[in-house]
Structure formats: C-alpha cells, structure tokens
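**Q** Sharing a structure with you now.
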C-alpha cells in the first residue's frame, strides 16, 4: 500500500524536525540560564544561594551546550549521554532554586525558563527515541497519561470560577481520548487490519508521550494554565488529525458495524476539535511567526474555516453532505497546520518567508471554490426575512455605522478581508442615503426612509454576524449577498426620487427639532431668588458703558434661569427709566422672522396693528427705533441666522441702546458680541437653592426648625438647577408640613423628578435636537460615566475616537477634530468645562445625565450593569457596556452564573466598587466574560484586573481594539499584543519594576498614546539594548504621547526618539545607571523631536543625594510646557531653557539651583512664558530683570523655604495677574508690597495675591 511508505516518511521527517526544534529551544534556554548565573554573581542579594553549587551548574550546562553543538550530525550517542545527565541536572537545579532560591527565579523572570529547559531535554531524548525505535508501548501505557491528565482537569472544571478557560480544552482532550480508546478497542477485537494498525499506533504513541511529558511539568507547578493546555493542543492535534484522517479514509470500506460507528463518532467530534485547534493555532501564530503576507493569508483561511466550523452543529447543512464537508475542512486544516509549521521554522531562523506567498495564495483560492460549493451543494437555503430598525434615531445610527464601516475597511483585519468588497458597497450606500434623506424633508418620502434604515440595519447585522461568527456562514453565503441586492434596488429608487423632488422643497433637517418647547407658566408668577451679583452686573452694563449699541448675552444650560434673570433686569426700575423703548421677544422653534419683527414693532408702538404683506416690517421697525435709546430682549435664540435676521433692522446709532440675548448656544453669543463679554450663568449656590425652596413652599413665612435640616438636604440634591428646585417645591407644597413626609420626598427624590420627566426631558431634548448628528453620540457617551464625575478631557478624547464616535477627515488631525466636537457640546451649554493649572475636565448636570441614559438605552448605545446581573444578559445587549464588579461577590461561588458572550459588544469597561484585600484582582474577568469571543471590541478598560497569559493571548486576537487599559505582571511587552495593528491608546498598570518595550512596539503602527507604569527602551537590569531592530525605517508616525517612560544612559536613545517624529508629549524619568562609568549627569538629546510641546522629566539617583549639574539640555524649539523634578540646574542650564522661543509654562519641582542663586541676566528673556511655578526649589537669592518675564501671568511659589523674598521687579510685569503662595508665609510681605506697587502704578487693584496651605 502506497500509504505505508508515505506515512513512514512523514513520521520520520516530523520527528526529526521536532528534534531540531527542541535542540534549538534547548540551546536558547541554556544560554539564558548562563546569562542568569552571570547576573547573579553581580547581584547584591546573592547571599541566600550556594555559589559553589551554582558554579557546578554552570560547568554542567556548558558541557551540555558543547555536546549538543557537536552532535547535530551524530545523534545516536547523544541520547544516552543526555539521559545520564538529566537527572543530575534536575537534582542540582532543585537543590539551588526550589527552596529559598525560588524568589531569585521570580525576581529575574526565570521561573518559567528552568522547567522549560527540563521539558526540552526530555523532548530531545523522546524525539531521538522515535528516530531509531519501533512502537513498544502497551495499551495501558498509551491510555494512562490521558486518564491521568483528564482526572486532574476534572477536579478543576468542577469549580465554575476556575474552569471558564479550561472547559473547551477539557472537552477536546476527552474527545481525543475517546477516539484513541475506541480505536484500541477495535484493534483488540480484530476489527482493523494489522497494516493500518502499524500506521496509526506510532501517532497514538507520540500523542501519549507528549501528554505524559506535559503531566510531568504539571506536577512541578501549582496547576496547569490555559496557556499550557493550549500549547499541548497545538502539539498533539496535528498528530490527531492525521490519525483521524487515516481512520476515516482507510476504514471506510470496512463492513463492520463497530468500525462504522467509530468513523461516525470521529466525524461528529471533528468540528469541535478542529475549531479549538484553529483558535489556539491563531494565538500561537501571533506569538511565534513574523508578520508577513504569507502569515496573513493563513490567518484569513483560518477565519474562513472557523466560520464554517462554528455553524456546523446548527442543522443548516444537508445531512448527507455533512461528513463530506467535515472531511474537506479537515484536509484544509491539515494543510494550514503544515504551512504554519513551515513558517514557524523560518521565523525562528530569521529566514525570508516571502517564498511561501505563492503557496498561501493557492490556499486562498480554495476559499472561493468552497464558497460556491457551500451555496450550491452543502447548505440549505434559509428563509430570507426583512429585519426592522429597532431604534428611533435614524440619522444617529447612520452616522455611527458610516464611521464603523470606514474603520473596518482600514482595519487590516483578517475577517474583514473575506467581505471587504461587500463592506465597501454598504459604505457607499450609507453615504448616498444619508446625504439624500438628511437633506430632504422626510415627510416627502417617509416610507423610503424607513425602508432604507431597515436595509442599513440588516447590512450592519450581517457584517457583524460574520465578524463574530454568529450564524456567520449563512450570512456570508446567503444573507449578506441578498442585502447587497436590496441596496442596489434602493440606490436606484433614491436616484429616481432625487429627480422627482423639486429643489425648492429641500430642507436641512439635521438640526431642526420636531418637538417645540412647552413654556412654563408666566415668569411674573414665579418665585425669583439668587443671581444678585449677576443681576447687578447686567444692570451696570445696560446703564453704563459705551454709547454704541451693545449686546449683553446670558448663556447657560436648560432650566438654569436665563429667562428669569433677563426678566428681573428688564423690569428693574432703574432700567425701565433709563431707556426710551423696551421690547421683549421670545423666539419660537418654528419661528417666522416677519411675525417676530411684527411683534417687536407692536411692543415698541404699544399697539396691535396688523401690516399688509406688501409692507416692509423690518423697515418699519428701523424707523420706529431710530433716534431712540432702546432695550430689546431676544429670548432663547438658537442659531446665528435667526439672530442676524432679527437684529438687522436695529439702528446702530450712538444712543446707548442695548440688546439682551439669552441662548443655550455659546456660538450665537460670540457671533452677536459687540463690547461686553457673554455671561455664562452659574448654578445656584446651596443657600440660594434653599431660599427658592423655602419661598416656594412657605411664601413669606419661615421654615419650621424641625424641617430645616431635611429641607436643606433636599435643596442640596437639586444640584443648583432652579428648574429642579421648582419642580420639587411643587411636590412638597402639596403635602403636609411633616418631617416624615419630607423625608419620603428626600428618599424618593429621583422618582418625584421622573414624574415631571416629560417637562424636564422636553427641555433637554430641545438642546439635543439642535446638536449636529455627528456630535450627539459624544454627548450620550458622557452618560456612561457615574453621575457628577469630572471627566478628564484628554482621556475622553482618546475614548471618543476609539469608540468610533469621531469621523476622521483629511483636513484635520484627530486632535483637532475632537476639539471641534467638544467645543460644539460646550457651546450648547449641555457640557460644563473646568480648567486648572494641571488638567482640564468636563461634566454634565445630573438631569442631562438622566436624559443621556434614557436616550442611550432607547438607541441601544450603552448600558451599565452590575456583575450580579450578567447571568441574565443576552446577545441583544447594547453595544457598549460598563460592568460594576463587587469583589465580595466575585469571591463567592459562581456556580449559578452563566458566561456572557456579548458577541456584539464594541466597548467593555469594568468598574470596581470595592478593593480586594491584597491588591488588584487577578484574572477574575475570565469568570464572566470570554474575551476571545468579543471580536468587535474596540475599547477594553479593565485596569483593575491583572491579565494572565491566557487572557493576554485572547486579547491579542481582538484586532479591532483601539483602546486597551489593563493590568499586567510582566517584564516585557507581550508578543501577543503585536497583533493589535489598530490600537491607538495603550495604558498598562504593571506590577513588575519596569516593562521593556521590546521590538513588539513597532507593530502598533496606529498607536497615539502610550502610558505604561513603568516602561523602558532597555532592560534596566542589564542596560543592554533590546528595543532596536535592523529596519531603521521602523517608526511610530502617529504616536503623540508617551508617559511614565524610564530612560537610562545609552548612546542609542536618540536614535530611538527619531522614530517618534510626531511626538507631542513626553513624560519620563531619567534613571542613573548602575554602571559607575556611565554619565550620571546625562540627559537625552530631545531636540530631534521637533513636534514636542510638553516634557515632564524626573531625575532618579540610586542614592538620596542630588545629582551633579547636567552638562547640557537639548530641548526642541517647539516646546511649550516644561516640568523638571529633582534636577541640579546651573545658571547655564537655566539660560538654555530661557532661549526656548515657544515656552509658556515652566515648573521646577524639588530642584536645586547651583549655589542657590538664580540671576536672570538681561540676555535671559523668557519671551512667551505665562506660567512659572517653583515647588520646594533650593533657592535663596533671586534677581529678575524688567524684561526677564515680559508676558508672565501667574507666579506660584510653594515651600521655597530658603528664598528670602520675591523680586520687586515682578511688579513691573504688566501682564501679571496672580501670585500664589503655598506654605510660604515668609514671602507674604514681599508679595503684598508688589501688589500695592501695582495698584499705585495702574490705578486699580488688578494683581491677586493668594496664600494657602495646599498646592
């Protein structure tokens, strides 16, 4: 039989190849341990180790290394020699390190290397044995290793909180063992020919030996990890596939019923085995194979095979074709496995793998052939039904879908490659329909709009189903092509509609709300409190000021009291008596400019005159106002066009006329501004909120003492919004004045507000409707944060773009585009921004937060859920989810909890409400979530969960990730992350001392922001460069921010920085080298970074003393912000800093200035410096010239205890507005003298001096 020779040759080659691979790995491990021994000798903490034993170990390892190098061509004698040495070597290693010395293994990251060394030695011996011996193992010996392993694993899978990652692997191993046992049973019963048995038994023996060696490693550890089991599966399943293939083909002709049942069992178990193998093979490829076209082609084929295998058990395949399809998929899988082994060997030897491109391209051709056969031969044709768009905001959905489709096309994802043409067609369709229907009055073609939405939703569902492998086979072969045909029909309909609709019927409806606001009762009947300072300020601006016409704008969010404040001012006696004419005009949403002007004219004339259509109302108003001092209130103006239309007739004569504008939109106020800055209305203070409640409930009477405390607590929960205070006051006023009833209101405050939700939500809905569609999702996203949280703007911008909420354009950078979005939200008064010296944050009011949560739920945009509710979650969950984990609940038994697939999730955040007793959570997310199934995930934020290897490998397959915030416990950036080509933000909490970035970082080509606690270019234990690669063209062009980077002296550092040409912010720590010959006062040459705008640099010595003065600083001229901590600065260093032409912000922390004297000479001019902070600086005398800081605005001096006084010349800086002293009472006199000097010189008290006891 031809099979015998072929198979024998295959087995020999496979064993020989495995032997060479084992030898290569063994040599690498020996070199690693020898290097470890060298470092141990130089370490300070070696006293716990027996150095004589270590010397013996070194000699034995060197001897073994030499023997292997000399024995590649003569392997026969090596087996006996290695067998004799292995036990002695193992005993030696255990005596040195498996007692008190184990901590040293962990410290130097060698705790995995030594067990691997012993495994490789056994693997070499085993492989040599296979080259020269026949099968001699008994049936019991073939089965015993499997039984032992499964028995141990069974003890693990019995506990749900531990088995999540083990269960699929356990099931595969059990299926493989059943196949082996059944085959051996058929052999014993004489049902299989002897010749076939001879071919199959060596494979069974090879699998058994690999399982046995795995068990030996198992005994030396606390237990197997999912990564270890995955590694075992990758080793044994290729052998098992060959075993299954031979059995299913060579035994097919057998007439035995038992053999028939065995073959059927093999085929039925095959899909699960193949699927689990391909999943782990993907993970394995990411870690060991260099990125290339060949590797990419293999990944695409694996994706296609996994889509088929995932759907195989679902009854969609013709029954009589099932086993034929399984055999075909199995053959392709074996071909993929062979090519992976080939590429792995070439990658290990750093050989060129481009020659494999042709082979893998041939493999890809099989995809198209098999797709045709799936459609016409293997699959049942499904019933095709129309999906209905389940949300309410069509334009919002279309906008988000278009951004996502663009990102998919640019993602380089393997699964996207299968349907790239279809995605491009859907994208073109969305662009066309969005453009047409958004710009045409929807009532004219409502049915067409609904149909277009349904098809768009259907297309999105089909694409996502394929990408997440959820009925992906049916969608790939039938449903997506059917949707594409529907799209072609709708495109034709849109083209015909565009010709029928007259141009004069077009109407931009993007920002036209369809719900006009319902006004409250008349303002005259309201209780009015608060804003006294604001009222007086406005009155001064109305009565005093320039003779030219001026506009006083009141800007703020809904319900803040803008109209009420304007009404108070409008009716003030001093205002009424000052103006000749007063008029009030409230702008309705569906306003008519002519009617509004008509209304103003009638107020001006005090009549109800009606004008004919041929009369120019604007001209009539101009004539009535001309030569008079007028005050006109334009209340609730929404857009610039309305403002321009209404104010055009107002005469611009110098009579001191005024306009009061109220609006929620900042841009309207800025457009209408003349002289006066807009007034951004604040929230009510607590005392004002209480006053409003009290007057609304009790009128002129006072609140009884027993109700005072609970009343003020109710006022506090109104959060300064007059609208809420007024709503609650109405509720309380209708109740008896009893404390129990008031407490009931306090405890159920949210429900009382919700009873008035219609009124509140309509007010906020109106602001929301006026937002551009592309900004609405960014507002809704703010509702995913906890209430009242101040959100870091920088972090928010990273997340917006990662979530797919920002549409990128070629005209603007990502940062510029996100600033436009944020400014639009601020301008709408729905978002409040707080700026400090150190950060910028934003927040939304609780009512806006409630609105966002309600709206987001309706649109399936995001949802917050407790970990206890995860078991009842479904695949119909929203696309973004925040899970609040309770550590105490996670520690309980999870037997009753189900796994949450969350296949369609785009974003997952874990928010921990309580801290575990011993630090951060370790891998607990695995209890509740299969990360590898979240294949659409763009954002993963689980910083308080430390990742073990298994989850890091799963994360490496999430190729759509844009934002990753996790915890790790590693010394180097894991190779699995090299697969994340689309990653833009990487934030890592690392528990080890320093994470070496390794060459892995070069694979993250789209990375914009990297913050790793702590990271380094080099291994700081050895100071050996491990970051550089031969390709000097490797760059991270998009990288803008690096944080928490440790830099040690190296000549290669500047070369590395050149590879970040667009870096804008660098946060780093200069670490002194252990090498005494290195330059301790070295500082990196950062002038190669000509886009750098911000540097935060810290110096860390190995002792507590200040370093010597740094020789030279080379900063780029682009620098705007500089913070230096624990540096020794000479006068030359400070002069160098002064030359930076764009420097605006300088902070010196815990810094020593040479001889404690800073003499800012005439040549040293900080031309653009606006902010200067000295914190705990060793400085006694400070001399400043008149032009040293010509534009300085803020001076902060904190705990500068040696400084005698602030130089008086700061009083001559016209721009200086604030001097802040922190724990510096000895400087108060000189600061006040400067303040008095400025007041005398300028004639006004413009310099603010602050003294406080906190920074």
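Numbering (mature numbering (1 follows the signal peptide of the UniProt record, and there is no 0)), first residue to last: -26 to -1, 1 to 1229. Note that beta-carbon positions come from the ideal geometry of N, C-alpha and C, so glycine has one too. Owing to the predicted nature of the structure, the values given are computational and were not obtained by experimental measurement.
Label residue 365 either buried or exposed according to how many other C-beta atoms from any shown protein chain fall within 10 Å of its C-beta, with 16 as the threshold for buried.
**A** Exposed is the call here.
**Q** Please give me, in chain order, every unbroken run of the alpha helix (DSSP H) with length at least 4 that falls completely inside the segment 514 to 553.
**A** Correct list: 536 to 544 and 547 to 552.
**Q** When burial is assigned at 16 or more other CB atoms within 10 Å of the CB, is residue 783 buried or exposed?
**A** Residue 783 is exposed by the Cβ-count criterion.
**Q** Hey, how far is the Cα of residue 677 from the Cα of residue 627?
**A** Roughly 51 Å between the two C-alpha positions.
**Q** Along the chain, where does the beta strand (DSSP E) that runs through residue 430 open and close?
**A** No beta strand (DSSP E) holds residue 430; the alpha helix (DSSP H) holding it covers 420 to 442.
**Q** In chain order, what residues of the same chain have a beta carbon less than 7 Å from the beta carbon of residue 738, not counting five sequence neighbours either side?
**A** Excluding positions up to five away in sequence, the list reads 532, 821, 822 and 825.
**Q** Can you look up residue 812 in the DSSP assignment and give me helix, strand or coil?
**A** Of the three classes helix, strand and coil, the one that applies to residue 812 here is coil, per DSSP.
**Q** Could you tell me which residues DSSP puts in a beta bridge with residue 983?
**A** Bridge partners of residue 983: 959 and 1015.
**Q** By DSSP, does residue 445 sit in helix, in strand, or in coil?
**A** In the structure shown, residue 445 sits in coil (DSSP, three-state: anything other than H, G, I, E or B).
**Q** Between residue 376 and residue 405, what straight-line distance do the alpha-carbon atoms span, to the nearest angstrom?
**A** Each residue's alpha carbon lies about 7 Å from the other.
**Q** Three-state secondary structure (DSSP) at residue 1145?
**A** Of the three classes helix, strand and coil, the one that applies to residue 1145 here is strand, per DSSP.
**Q** Is the beta carbon of residue 422 less than 8 Å from the beta carbon of residue 361?
**A** Going by C-beta atoms, residue 422 is not nearer than 8 Å to residue 361.
**Q** Measure the alpha-carbon distance for residue 1058 versus residue 1028 and round it to whole angstroms.
**A** When rounded, the distance between both Cα atoms is 7 Å.
**Q** If you follow the beta strand (DSSP E) that residue 1040 is in, where does it begin and where does it stop?
**A** Note, residue 1040: beta strand (DSSP E), 1039 to 1045.
**Q** Using the DSSP secondary-structure output, state which residues sit across from residue 964 in a beta bridge.
**A** Per DSSP, 942.
**Q** Should residue 755 be labelled buried (16 or more other beta-carbon atoms within 10 Å of its own) or exposed?
**A** By the neighbour-count rule (16 or more Cβ atoms within 10 Å), residue 755 is buried.
**Q** With H, G and I counted as helix, E and B as strand and the rest as coil, what does DSSP make of residue 764?
**A** Residue 764: coil per DSSP, three-state reduction.
**Q** Given a threshold of 16 other Cβ atoms within 10 Å of its Cβ, counted over all protein chains shown, does residue 1226 qualify as buried or as exposed?
**A** Exposed is the call here.
**Q** Just the C-alpha distance for residue 64 and residue 187, rounded to the nearest angstrom, thanks.
**A** The straight-line gap from Cα to Cα measures roughly 15 Å.
**Q** Beta-carbon separation of residue 1068 and residue 1039 under 8 Å?
**A** It is a contact, given that the beta carbons lie within the stated cut-off.
**Q** Rank 949, 277 and 649 by C-alpha distance to the C-alpha of residue 263 and give the top, closest one.
**A** With distances taken between Cα atoms, residue 263 lies closest to 949.
**Q** So the beta strand (DSSP E) residue 1133 belongs to, where does it begin and stop?
**A** Note, residue 1133: beta strand (DSSP E), 1131 to 1134.
**Q** The beta strand (DSSP E) that contains residue 637, what's its start and end?
**A** From DSSP, the beta strand (DSSP E) with residue 637 extends over 632 to 637.
**Q** Would you mind giving the Cβ-Cβ distance between residue 1238 and residue 1158, rounded to the nearest angstrom? I have them listed as a contact below 8 Å.
**A** For residue 1238 there is no data in the structure shown, the boundaries of the chain being -26 and 1229.
**Q** Counting only beta-carbon separations shorter than 8 Å, does residue 952 have a partner in chain B?
**A** Here there is only one protein chain, and chain B is not present.
**Q** Could you tell me which residues DSSP pairs with residue 1068 in its beta bridges?
**A** DSSP lists 1039 and 1095 as partners of residue 1068.
**Q** Compare the Cα-Cα distances from residue 1091 to each of 654, 458, 1113 and 943 and report the closest residue.
**A** If we check each option's Cα against that of residue 1091, 1113 comes out closest.
**Q** Taking all protein chains shown into account, do 16 or more other C-beta atoms lie within 10 angstroms of the C-beta of residue 311, making it buried, or fewer, making it exposed?
**A** Label assigned to residue 311: buried.
**Q** Taking the CB atoms as reference points, tell me whether residue 527 and residue 635 lie closer together than 8 Å.
**A** Going by C-beta atoms, residue 527 is nearer than 8 Å to residue 635.
**Q** Within 10 Å of its beta-carbon, does residue 1251 have 16 or more other beta-carbons around it, so buried, or fewer, so exposed?
**A** Given a span of -26 to 1229 for the chain in the structure shown, any question on residue 1251 remains unanswerable.
**Q** Are residue 256 and residue 276 closer than 8 Å when you measure CB to CB?
**A** Yes; because the gap between Cβ atoms is below 8 Å, this pair is in contact.
**Q** Below 7 Å CB to CB, which residues in the same chain sit around residue 48 once its five sequence neighbours on both sides are set aside?
**A** For residue 48, the predicted model reports a pLDDT of 39, less than 50, meaning its position is unreliable and no value from the coordinates is stated.
**Q** Please classify residue 1232 as buried or exposed, where buried requires at least 16 other C-beta atoms within 10 Å of its C-beta.
**A** Any answer about residue 1232 is impossible in this case: the structure gives the chain only from -26 up to 1229.
**Q** Span of the alpha helix (DSSP H) holding residue 592?
**A** Unbroken alpha helix (DSSP H) run through residue 592: 591 to 599.
**Q** What is the DSSP secondary structure of residue 1175, reduced to helix, strand or coil?
**A** Here residue 1175 sits in coil by DSSP.
**Q** Can you give me the start and stop residues for the beta strand (DSSP E) that residue 409 sits inside?
**A** Premise fails: residue 409 lies in the alpha helix (DSSP H), 394 to 412, not in any beta strand (DSSP E).
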